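A.B. asks: First the structure, then my questions, so here it is.
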Amino acid sequence: MKAFTQLLILADGRFPSGGHAHSSGLEAAVAHGRVRDLDGLRAFLRGRLHTGGLVAAAFAAAACARPEAIEELEAELDARTPAPALRLAARRQGRSLRRAARVVWPGEDAHWAAAVSQPVALGVAARAAGLTPDEAALLAAYHAISGPASAAVRLLGLDPYRVHALLAELGDECDEVAREAATHARGPAADLPAASAPLLDVSAEDHAAWEVRLFAS
């Protein structure tokens, strides 16, 4: 049961990796009226899961399976992240995750690069925790929807019970995305998924220029 406990620790939104400070694009979507209620949140989460979530899950699985390729993976992930604001946000989260993981699961220092993005850092952290690439992919897919779901409670005042019911509703879909992502774990880095969400990229740059905002991204 040890590995299962480690999985729960990394999945916990209270893990000190800085994820609570990011809405994954939801704050901008709310401000522009694209997400107004629970149905809008459902559509946002599904879209994020099948684009950024799929990419993050594949890179987390690959980093867990092949931490020696971390620099190549980081370069390929950069190529799939056209918005500078999103690259910066991912690196900040990666730095926070790296700092926490090195304390909680010491011993993987040889595989850490100076600056890695959150999905890559999550894969290395998962490996350090004794998890598999499949589990790393599941963690990344879950984070892709749980982070903005949590932010929705603060941004829209939604009922947290209903928001978590929505996460449960999306559970099978999240599992499917994770399974698909994990199939790429040991293939060439250049062949990893490159699903995109151009509106999120544009919104991220707009959001980064706001003088007042609740979330960092």
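Mapping of the sequence shown onto our numbering: residues 1046 to 1262, in sequence order.
The C-beta atom is built at its ideal place from N, Cα and C for all residues, glycine as well.
Owing to the predicted nature of the structure, the values given are computational and were not obtained by experimental measurement.
(1) Check for me: the alpha helix (DSSP H) holding residue 1117 runs from which residue to which?
(2) Alpha carbon to alpha carbon, how far is residue 1170 from residue 1146? Give it in angstroms, no decimals.
(3) Flag this pair as touching only if the stretch 1247-1257 and the stretch 1182-1195 have three or more C-beta atom pairs under 8 Å; answer yes or no.
(4) Can at least three beta-carbon pairs, one atom from the stretch 1184-1203 and one from the stretch 1222-1233, be found at a separation below 8 Å?
(5) Which first and last residues belong to the alpha helix (DSSP H) in which residue 1092 is found?
(6) What's the call for residue 1231, buried or exposed, on a 16-neighbour Cβ count within 10 Å?
(7) How about residue 1117 and residue 1234: are their beta carbons less than 9 Å apart?
(8) Skipping 5 residues on each side, what residues in its chain have a beta carbon closer than 8 Å to that of residue 1254?
(9) Please classify residue 1252 as buried or exposed, where buried requires at least 16 neighbouring CB atoms within 10 angstroms.
(10) State the Cα-Cα distance for the pair residue 991 and residue 1094, rounded to the nearest angstrom.
(11) Using 8 Å for Cβ pairs, my map puts residue 1238 next to residue 1134. What's the rounded Cβ distance?
(12) Are at least three pairs of beta-carbons, each pair with one atom in the stretch 1073-1090 and one in the stretch 1197-1215, less than 8 Å apart?
(13) Residue 1207: which of 1126, 1074, 1084 and 1219 sits nearest, CA to CA?
(14) Can you round the beta-carbon distance between residue 1119 and residue 1162 to whole angstroms, since I take them to be within the 8 Å contact cut?
(15) How close, in whole Å, do the beta carbons of residue 1152 and residue 1242 come, if the pair is a contact with beta carbons under 8 Å?
(16) Once you ignore the five residues that flank residue 1136 on each side, which residues in its own chain have a CB closer than 7 Å to its CB?
(17) With residue 1222 as the anchor, note down where its alpha helix (DSSP H) starts and where it stops.
(18) With DSSP collapsed to three states, give me the class of residue 1134.
C.D. replies: In this structure, then:
(1) Taking the sequence shown and counting its residues from 1, the one referred to as residue 1117 is at position 72. Unbroken alpha helix (DSSP H) run through residue 1117: 1115-1124.
(2) To locate residue 1146, count along the sequence shown from 1; it is residue 101. To locate residue 1170, count along the sequence shown from 1; it is residue 125. If I take the Cα positions, the gap works out to 6 Å.
(3) no
(4) yes
(5) Reading the sequence shown from its first residue, position 47 is the one you call residue 1092. It spans 1083-1093 - the alpha helix (DSSP H) in which residue 1092 sits, taken as one unbroken run.
(6) Walking along the sequence shown from the start, residue 1231 turns up at place 186. So residue 1231 ends up on the exposed side.
(7) Here residue 1117 is taken as the residue at index 72 of the sequence shown, counted from 1. Here residue 1234 is taken as the residue at index 189 of the sequence shown, counted from 1. For residue 1117 and residue 1234, yes; Cβs fall inside 9 Å.
(8) Within the sequence shown, numbered from 1, the residue matching residue 1254 stands at position 209. Cβ within range, chain order: n/a, list empty.
(9) Start at 1 with the first residue of the sequence shown, and residue 1252 comes out as number 207. Buried, because 16 or more other Cβ atoms sit within 10 Å of the Cβ of residue 1252.
(10) What is shown of the chain runs 1046 to 1262, which leaves residue 991 out entirely.
(11) Working through the sequence shown from its first residue, we reach residue 1238 at position 193. Working through the sequence shown from its first residue, we reach residue 1134 at position 89. Actually they do not touch by this definition, with Cβ atoms about 20 Å apart.
(12) yes
(13) Taking the sequence shown and counting its residues from 1, the one referred to as residue 1207 is at position 162. The shortest C-alpha separation from residue 1207 is found at 1084.
(14) Numbered from 1 along the sequence shown, position 74 holds the residue referred to as residue 1119. Numbered from 1 along the sequence shown, position 117 holds the residue referred to as residue 1162. With a contact defined as Cβ atoms closer than 8 Å, residue 1119 and residue 1162 qualify at about 6 Å.
(15) For this step, residue 1152 is matched to residue 107 along the sequence shown. For this step, residue 1242 is matched to residue 197 along the sequence shown. Rounded, the Cβ-Cβ distance is 36 Å, inconsistent with contact.
(16) Residue 1136 sits at position 91 when you count from the first residue of the sequence shown. Hits under 7 Å: 1160 and 1162.
(17) As a first step, residue 1222 must be located in the sequence shown, where it is residue number 177. From DSSP, the alpha helix (DSSP H) with residue 1222 extends over 1216-1227.
(18) For the purposes of this step, residue 1134 is taken as residue 89 along the sequence shown, with counting starting at 1. Note: residue 1134 maps to helix in three-state DSSP.
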